[in-house]
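S.K.:
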Amino acid sequence: MLSRLSRASSRHLVLRRFLAASPSKHPHEQSQLPSSSTKYPKPYYHVERAPPPPSKITRTIEQNPTLRAVVLKLAALMGYNSPAQVAQRQALRIYQNAVRNVDDQERAFWHNECSLPPTFQTWFTVVNLHIWLLTVRLRALPPPHGTHYIQGLIDHFFEDVEDRIRTVLSKRAPDRLVTRHLKICRDQWQGLGLAFDYGLVTSDVEVAAAVWRNFLGARGALGLEGRGQVVNYAGLEKPTPEQLVRDPDADDGSGVRDFEGEERDKYVKFPELMWTVTAYIRREIARLEAIPDADIMANGEVGQFGRIIVREDTLPSEES
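First residue of the sequence shown? That's 225 in our numbering, and the numbers climb one at a time after it.
Here it is as C-alpha coordinates:
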(Lines of atoms letter the chains of each structure in order from A and count residues from 1; the text may use other names and numbers.)
(Lines give C-alpha, C1' and ligand atoms only; values in the text may rest on other atoms or scores of the structure.)
Protein backbone atom coordinates (compact mmCIF):
# COMPACT_ATOMS: atom_id res chain seq x y z
CA MET A 1 0.00 0.00 0.00
CA LEU A 2 2.84 2.37 0.86
CA SER A 3 4.39 2.04 -2.57
CA ARG A 4 1.09 2.94 -4.17
CA LEU A 5 0.74 5.98 -1.96
CA SER A 6 4.25 7.31 -2.29
CA ARG A 7 5.19 6.91 -5.94
CA ALA A 8 4.01 8.75 -9.03
CA SER A 9 3.16 6.84 -12.15
CA SER A 10 5.89 7.18 -14.77
CA ARG A 11 4.15 5.54 -17.71
CA HIS A 12 3.82 7.61 -20.84
CA LEU A 13 5.70 10.48 -19.18
CA VAL A 14 6.25 12.54 -22.31
CA LEU A 15 2.64 12.09 -23.38
CA ARG A 16 1.33 13.07 -19.96
CA ARG A 17 3.51 16.21 -19.85
CA PHE A 18 2.22 17.23 -23.25
CA LEU A 19 -1.42 16.58 -22.39
CA ALA A 20 -1.19 18.35 -19.04
CA ALA A 21 -0.40 21.54 -20.93
CA SER A 22 -2.99 20.94 -23.66
CA PRO A 23 -6.71 21.84 -23.66
CA SER A 24 -8.94 18.88 -22.85
CA LYS A 25 -12.24 18.16 -24.55
CA HIS A 26 -13.41 15.94 -21.72
CA PRO A 27 -16.61 17.35 -20.17
CA HIS A 28 -15.33 16.79 -16.62
CA GLU A 29 -12.10 18.80 -16.91
CA GLN A 30 -10.89 22.35 -17.11
CA SER A 31 -8.52 23.30 -19.89
CA GLN A 32 -5.31 23.22 -17.86
CA LEU A 33 -3.86 22.84 -14.40
CA PRO A 34 -3.85 25.93 -12.20
CA SER A 35 -0.63 27.84 -11.84
CA SER A 36 1.23 27.65 -8.53
CA SER A 37 3.85 29.63 -6.69
CA THR A 38 7.32 28.17 -6.35
CA LYS A 39 7.72 29.03 -2.67
CA TYR A 40 5.42 28.02 0.14
CA PRO A 41 6.27 29.73 3.43
CA LYS A 42 5.67 26.72 5.62
CA PRO A 43 6.87 26.83 9.21
CA TYR A 44 10.04 25.13 8.01
CA TYR A 45 10.05 27.10 4.73
CA HIS A 46 9.54 24.35 2.23
CA VAL A 47 10.40 25.33 -1.35
CA GLU A 48 8.71 23.37 -4.13
CA ARG A 49 10.88 22.08 -6.91
CA ALA A 50 10.40 23.91 -10.21
CA PRO A 51 8.59 21.87 -12.87
CA PRO A 52 10.79 20.58 -15.70
CA PRO A 53 10.77 22.61 -18.93
CA PRO A 54 8.85 21.25 -21.93
CA SER A 55 10.84 18.63 -23.79
CA LYS A 56 11.80 18.89 -27.45
CA ILE A 57 9.19 16.26 -28.32
CA THR A 58 6.48 18.24 -26.52
CA ARG A 59 7.41 21.44 -28.35
CA THR A 60 7.40 19.59 -31.68
CA ILE A 61 3.93 18.17 -31.02
CA GLU A 62 2.59 21.59 -30.01
CA GLN A 63 3.86 23.15 -33.24
CA ASN A 64 2.39 20.46 -35.50
CA PRO A 65 -1.47 20.42 -35.48
CA THR A 66 -1.67 17.12 -37.38
CA LEU A 67 0.76 15.37 -35.08
CA ARG A 68 -1.03 16.87 -32.09
CA ALA A 69 -4.37 15.45 -33.24
CA VAL A 70 -2.81 12.01 -33.67
CA VAL A 71 -1.30 12.14 -30.18
CA LEU A 72 -4.65 13.12 -28.65
CA LYS A 73 -6.36 10.19 -30.36
CA LEU A 74 -3.66 7.84 -29.14
CA ALA A 75 -4.09 9.23 -25.65
CA ALA A 76 -7.79 8.42 -25.71
CA LEU A 77 -7.04 4.87 -26.83
CA MET A 78 -4.50 4.51 -24.02
CA GLY A 79 -7.10 5.48 -21.40
CA TYR A 80 -5.93 9.01 -20.64
CA ASN A 81 -9.54 10.18 -20.28
CA SER A 82 -10.70 7.15 -18.34
CA PRO A 83 -12.55 7.84 -15.05
CA ALA A 84 -9.47 6.91 -13.03
CA GLN A 85 -7.15 9.21 -15.01
CA VAL A 86 -9.62 12.11 -14.89
CA ALA A 87 -10.02 11.64 -11.14
CA GLN A 88 -6.24 11.74 -10.68
CA ARG A 89 -6.00 15.10 -12.43
CA GLN A 90 -9.01 16.57 -10.65
CA ALA A 91 -7.64 15.34 -7.32
CA LEU A 92 -4.40 17.18 -8.09
CA ARG A 93 -6.35 20.41 -8.57
CA ILE A 94 -8.18 19.83 -5.30
CA TYR A 95 -4.93 19.22 -3.45
CA GLN A 96 -3.12 22.19 -4.96
CA ASN A 97 -5.96 24.67 -4.59
CA ALA A 98 -7.55 23.72 -1.27
CA VAL A 99 -5.21 21.61 0.85
CA ARG A 100 -1.48 22.01 0.29
CA ASN A 101 -1.12 25.41 1.99
CA VAL A 102 -4.04 25.18 4.39
CA ASP A 103 -1.81 25.41 7.47
CA ASP A 104 -0.59 28.85 6.39
CA GLN A 105 -4.12 30.25 6.62
CA GLU A 106 -4.34 29.55 10.36
CA ARG A 107 -0.70 29.41 11.37
CA ALA A 108 -1.27 31.70 14.37
CA PHE A 109 -4.01 29.42 15.67
CA TRP A 110 -2.07 26.18 15.39
CA HIS A 111 1.22 27.55 16.68
CA ASN A 112 0.06 30.12 19.23
CA GLU A 113 -3.27 28.83 20.51
CA CYS A 114 -2.55 25.10 20.26
CA SER A 115 1.17 25.51 21.01
CA LEU A 116 2.22 23.24 18.15
CA PRO A 117 5.86 23.75 17.11
CA PRO A 118 6.75 25.03 13.60
CA THR A 119 7.81 21.65 12.23
CA PHE A 120 7.08 19.29 9.38
CA GLN A 121 5.01 17.19 11.82
CA THR A 122 2.66 20.12 12.45
CA TRP A 123 2.22 20.73 8.72
CA PHE A 124 1.50 17.04 8.18
CA THR A 125 -1.07 16.82 10.98
CA VAL A 126 -2.96 19.94 9.89
CA VAL A 127 -3.04 18.92 6.22
CA ASN A 128 -3.96 15.36 7.22
CA LEU A 129 -7.09 16.68 8.95
CA HIS A 130 -8.19 18.46 5.78
CA ILE A 131 -7.40 15.40 3.66
CA TRP A 132 -9.77 13.49 5.94
CA LEU A 133 -12.47 16.17 5.58
CA LEU A 134 -12.27 15.90 1.80
CA THR A 135 -12.23 12.11 1.97
CA VAL A 136 -15.53 12.16 3.87
CA ARG A 137 -17.08 14.20 1.03
CA LEU A 138 -15.52 12.21 -1.80
CA ARG A 139 -16.90 8.96 -0.39
CA ALA A 140 -20.34 10.22 -1.35
CA LEU A 141 -19.49 10.52 -5.07
CA PRO A 142 -21.21 7.93 -7.25
CA PRO A 143 -19.14 4.78 -7.83
CA PRO A 144 -16.52 4.30 -9.09
CA HIS A 145 -15.68 8.02 -8.97
CA GLY A 146 -15.48 8.22 -5.18
CA THR A 147 -12.81 5.53 -4.99
CA HIS A 148 -10.82 7.08 -7.84
CA TYR A 149 -10.93 10.59 -6.36
CA ILE A 150 -9.92 9.43 -2.88
CA GLN A 151 -7.03 7.38 -4.25
CA GLY A 152 -5.88 10.32 -6.36
CA LEU A 153 -6.03 12.72 -3.41
CA ILE A 154 -4.06 10.37 -1.17
CA ASP A 155 -1.51 9.74 -3.94
CA HIS A 156 -0.84 13.46 -4.39
CA PHE A 157 -0.73 14.01 -0.63
CA PHE A 158 1.93 11.38 -0.09
CA GLU A 159 3.93 12.48 -3.13
CA ASP A 160 4.09 15.91 -1.50
CA VAL A 161 4.90 14.32 1.87
CA GLU A 162 7.80 12.37 0.35
CA ASP A 163 9.16 15.47 -1.35
CA ARG A 164 9.04 17.40 1.94
CA ILE A 165 10.64 14.55 3.89
CA ARG A 166 13.54 14.50 1.45
CA THR A 167 13.85 18.27 1.82
CA VAL A 168 13.87 18.10 5.61
CA LEU A 169 16.35 15.21 5.80
CA SER A 170 18.60 16.09 2.85
CA LYS A 171 18.75 15.34 -0.84
CA ARG A 172 21.25 12.57 -0.13
CA ALA A 173 19.15 10.84 2.52
CA PRO A 174 19.06 7.06 1.91
CA ASP A 175 15.81 5.67 0.58
CA ARG A 176 15.41 3.36 3.57
CA LEU A 177 15.33 6.38 5.90
CA VAL A 178 12.76 8.14 3.72
CA THR A 179 10.69 4.95 3.57
CA ARG A 180 10.77 4.65 7.35
CA HIS A 181 9.41 8.18 7.74
CA LEU A 182 6.78 7.53 5.08
CA LYS A 183 5.60 4.50 7.04
CA ILE A 184 5.27 6.66 10.16
CA CYS A 185 3.24 9.19 8.18
CA ARG A 186 1.09 6.40 6.76
CA ASP A 187 0.35 5.11 10.26
CA GLN A 188 -0.53 8.62 11.44
CA TRP A 189 -2.75 9.16 8.40
CA GLN A 190 -4.62 5.94 9.14
CA GLY A 191 -4.83 6.66 12.87
CA LEU A 192 -6.20 10.17 12.46
CA GLY A 193 -8.74 9.01 9.89
CA LEU A 194 -9.93 6.17 12.10
CA ALA A 195 -10.24 8.42 15.16
CA PHE A 196 -12.24 11.12 13.37
CA ASP A 197 -14.37 8.60 11.48
CA TYR A 198 -15.34 7.11 14.83
CA GLY A 199 -16.11 10.55 16.23
CA LEU A 200 -18.13 11.50 13.17
CA VAL A 201 -20.55 8.58 13.61
CA THR A 202 -20.70 8.68 17.42
CA SER A 203 -20.50 12.04 19.18
CA ASP A 204 -18.65 15.34 19.41
CA VAL A 205 -17.06 14.03 22.60
CA GLU A 206 -15.06 11.54 20.53
CA VAL A 207 -14.23 14.22 17.95
CA ALA A 208 -12.96 16.49 20.73
CA ALA A 209 -10.88 13.63 22.14
CA ALA A 210 -9.27 13.13 18.73
CA VAL A 211 -8.61 16.88 18.57
CA TRP A 212 -6.90 16.73 21.97
CA ARG A 213 -4.64 13.86 20.92
CA ASN A 214 -3.69 15.24 17.52
CA PHE A 215 -3.78 19.04 17.84
CA LEU A 216 -3.18 19.66 21.53
CA GLY A 217 -0.40 17.10 21.78
CA ALA A 218 -2.32 14.98 24.31
CA ARG A 219 -0.82 17.29 26.90
CA GLY A 220 -1.91 16.68 30.46
CA ALA A 221 -2.47 12.95 29.93
CA LEU A 222 -0.73 12.26 33.25
CA GLY A 223 -2.34 15.18 35.08
CA LEU A 224 -1.52 18.85 35.34
CA GLU A 225 1.38 18.17 37.69
CA GLY A 226 3.25 16.06 35.14
CA ARG A 227 7.01 16.49 34.79
CA GLY A 228 7.00 17.93 31.31
CA GLN A 229 7.00 14.64 29.48
CA VAL A 230 7.19 14.26 25.73
CA VAL A 231 3.64 13.46 24.64
CA ASN A 232 3.53 13.19 20.87
CA TYR A 233 0.58 10.82 20.25
CA ALA A 234 -0.40 12.18 16.84
CA GLY A 235 -2.37 9.61 14.89
CA LEU A 236 -3.05 7.24 17.78
CA GLU A 237 -6.70 6.30 18.14
CA LYS A 238 -6.43 5.94 21.94
CA PRO A 239 -3.11 5.95 23.82
CA THR A 240 -2.53 2.87 25.96
CA PRO A 241 -1.35 3.18 29.59
CA GLU A 242 2.09 2.05 28.44
CA GLN A 243 2.20 4.84 25.85
CA LEU A 244 1.19 7.40 28.45
CA VAL A 245 4.04 6.48 30.78
CA ARG A 246 7.23 7.70 29.15
CA ASP A 247 10.67 8.66 30.31
CA PRO A 248 10.53 12.46 30.64
CA ASP A 249 14.13 12.69 29.45
CA ALA A 250 13.52 10.66 26.27
CA ASP A 251 12.71 13.48 23.86
CA ASP A 252 11.45 12.19 20.52
CA GLY A 253 12.21 15.47 18.77
CA SER A 254 8.56 16.34 18.17
CA GLY A 255 8.78 19.61 20.10
CA VAL A 256 5.58 18.76 21.99
CA ARG A 257 5.85 18.57 25.78
CA ASP A 258 3.56 18.85 28.78
CA PHE A 259 3.27 22.40 30.09
CA GLU A 260 5.35 23.24 33.14
CA GLY A 261 5.44 26.12 35.61
CA GLU A 262 3.43 29.17 34.57
CA GLU A 263 2.65 27.53 31.23
CA ARG A 264 0.20 25.23 33.03
CA ASP A 265 -2.32 28.08 32.81
CA LYS A 266 -2.67 27.17 29.13
CA TYR A 267 -4.60 24.05 30.15
CA VAL A 268 -7.52 26.32 31.08
CA LYS A 269 -8.08 27.04 27.37
CA PHE A 270 -8.08 23.39 26.31
CA PRO A 271 -11.88 22.82 26.57
CA GLU A 272 -12.54 25.91 24.46
CA LEU A 273 -9.91 24.93 21.89
CA MET A 274 -11.32 21.42 21.63
CA TRP A 275 -14.80 22.88 21.14
CA THR A 276 -13.55 25.38 18.54
CA VAL A 277 -11.82 22.78 16.37
CA THR A 278 -14.76 20.36 16.72
CA ALA A 279 -17.15 23.10 15.58
CA TYR A 280 -14.83 23.87 12.66
CA ILE A 281 -14.83 20.22 11.61
CA ARG A 282 -18.62 19.96 11.74
CA ARG A 283 -18.99 23.25 9.87
CA GLU A 284 -16.63 22.20 7.08
CA ILE A 285 -18.30 18.82 6.69
CA ALA A 286 -21.64 20.59 6.24
CA ARG A 287 -20.12 23.01 3.71
CA LEU A 288 -18.56 20.22 1.66
CA GLU A 289 -21.78 18.22 1.78
CA ALA A 290 -23.62 21.11 0.11
CA ILE A 291 -21.30 21.11 -2.93
CA PRO A 292 -22.97 19.23 -5.82
CA ASP A 293 -21.21 16.14 -7.16
CA ALA A 294 -21.22 17.71 -10.63
CA ASP A 295 -19.12 20.67 -9.47
CA ILE A 296 -16.50 18.41 -7.93
CA MET A 297 -16.33 16.12 -10.96
CA ALA A 298 -16.45 18.94 -13.53
CA ASN A 299 -13.59 21.08 -12.26
CA GLY A 300 -12.42 19.79 -8.89
CA GLU A 301 -14.31 22.57 -7.13
CA VAL A 302 -14.45 22.15 -3.35
CA GLY A 303 -14.18 25.81 -2.37
CA GLN A 304 -11.82 27.10 0.28
CA PHE A 305 -11.69 26.04 3.89
CA GLY A 306 -13.03 28.70 6.25
CA ARG A 307 -11.59 30.26 9.37
CA ILE A 308 -11.32 28.11 12.45
CA ILE A 309 -12.56 30.78 14.85
CA VAL A 310 -15.87 32.46 13.99
CA ARG A 311 -18.15 34.55 16.15
CA GLU A 312 -20.87 31.93 16.56
CA ASP A 313 -18.39 29.44 18.06
CA THR A 314 -19.33 29.73 21.72
CA LEU A 315 -19.15 27.09 24.37
CA PRO A 316 -22.53 25.60 25.33
CA SER A 317 -23.79 26.88 28.65
CA GLU A 318 -24.48 24.62 31.60
CA GLU A 319 -28.21 25.28 31.18
CA SER A 320 -28.20 23.93 27.63
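The beta carbon of each residue, even a glycine, is placed where N, CA and C say it ideally should be.
Going straight from the alpha carbon of P368 to that of I378, what length do you get?
M.R.: In a straight line, the C-alpha of P368 is about 16 angstroms away from that of I378.
S.K.: Can you grab the Cα-Cα spacing for the pair P278 / D384, in whole Å?
M.R.: Between P278 and D384, the C-alpha separation is close to 22 angstroms.
S.K.: Can you grab the Cα-Cα spacing for the pair V406 / P289, in whole Å?
M.R.: According to the sequence displayed, residue 406 carries Leu and not Val. In a straight line, the C-alpha of L406 is about 43 angstroms away from that of P289.
S.K.: Among residues of its own chain, excluding the 5 on either side of H335, which ones have a beta-carbon nearer than 8 angstroms to its beta-carbon?
M.R.: P267, P341, P342 and T346, listed in sequence order.
S.K.: Go ahead and label T282 buried or exposed: buried means 16 or more other beta carbons lie within 10 angstroms of its beta carbon, across all protein chains shown.
M.R.: It is buried - the Cβ of T282 has at least 16 other Cβ atoms within 10 Å.
S.K.: Label A510 either buried or exposed according to how many other C-beta atoms from any shown protein chain fall within 10 Å of its C-beta, with 16 as the threshold for buried.
M.R.: Classification for A510: exposed.
S.K.: Please state the DSSP three-state secondary structure of I533.
M.R.: In the structure shown, I533 sits in coil (DSSP, three-state: anything other than H, G, I, E or B).
S.K.: Could you say which of P366, S339 and L298 lies nearest to D482 if we only look at CA atoms?
M.R.: Checked all of P366, S339 and L298; the closest Cα to D482 is S339.
S.K.: What do you get for D399, buried or exposed, if any count of 16 or more other CB atoms within 10 angstroms of its CB means buried?
M.R.: Counting Cβ neighbours within 10 Å, D399 comes out exposed, since fewer than 16 surround it.
S.K.: Is it right to say T426 is buried, meaning 16 or more other beta carbons lie within 10 angstroms of its own, or is it exposed?
M.R.: So T426 counts as exposed.
S.K.: For the alpha helix (DSSP H) containing W334, list its first residue and its last residue.
M.R.: No alpha helix (DSSP H) holds W334; DSSP gives it neither H nor E.
S.K.: Taking the alpha-carbon of L358 as reference, which of L316, E337, V392 and R390 has the nearest alpha-carbon?
M.R.: For L358, the nearest C-alpha among the options comes from L316.
S.K.: Assuming A503 is part of the alpha helix (DSSP H), what are its boundary residues?
M.R.: A503 -> alpha helix (DSSP H) spans F494 to E513.
S.K.: Could you spell out the range, first to last residue, of the alpha helix (DSSP H) harbouring E386?
M.R.: Segment H369 to L393, the alpha helix (DSSP H) holding E386.
S.K.: Identify which residue in E513, R396, R437 and P516 has its Cα closest to the Cα of V350.
M.R.: Considering only alpha carbons, the answer is R437.
S.K.: Quick check on the burial criterion: 16 or more other C-beta atoms within 10 angstroms. Buried or exposed for T500?
M.R.: It counts as buried.
S.K.: By DSSP, does N352 sit in helix, in strand, or in coil?
M.R.: Reduced to three states, the DSSP call for N352 is helix.
S.K.: For the putative contact between Q314 and M521, defined by C-beta atoms under 8 angstroms, what is the C-beta separation to the nearest angstrom?
M.R.: Their Cβ separation, rounded to whole angstroms, is 7 angstroms, which keeps Q314 and M521 in contact under 8 angstroms.
S.K.: For a test of the three-state rule: what should DSSP assign to R443, helix, strand or coil?
M.R.: Reduced to three states, the DSSP call for R443 is coil.
S.K.: For G376, which residues in the same chain have their Cβ closer than 6 angstroms to its Cβ, ignoring the five residues on either side in sequence?
M.R.: Closer than 6 angstroms at the Cβ level, and outside the excluded window around G376, lie A311, Q312 and A315.
S.K.: Closer than 8 angstroms is the cut-off here; do at least three beta carbon pairs connect the region 406-424 with the region 319-328?
M.R.: With a cut-off of 8 angstroms, the region 319-328 and the region 406-424 do not count as touching, because too few Cβ pairs lie within range.
S.K.: I'd like to check one pair, N352 with L416: are the Cβ atoms closer than 7 angstroms?
M.R.: Yes, these two residues count as a Cβ contact at 7 angstroms.
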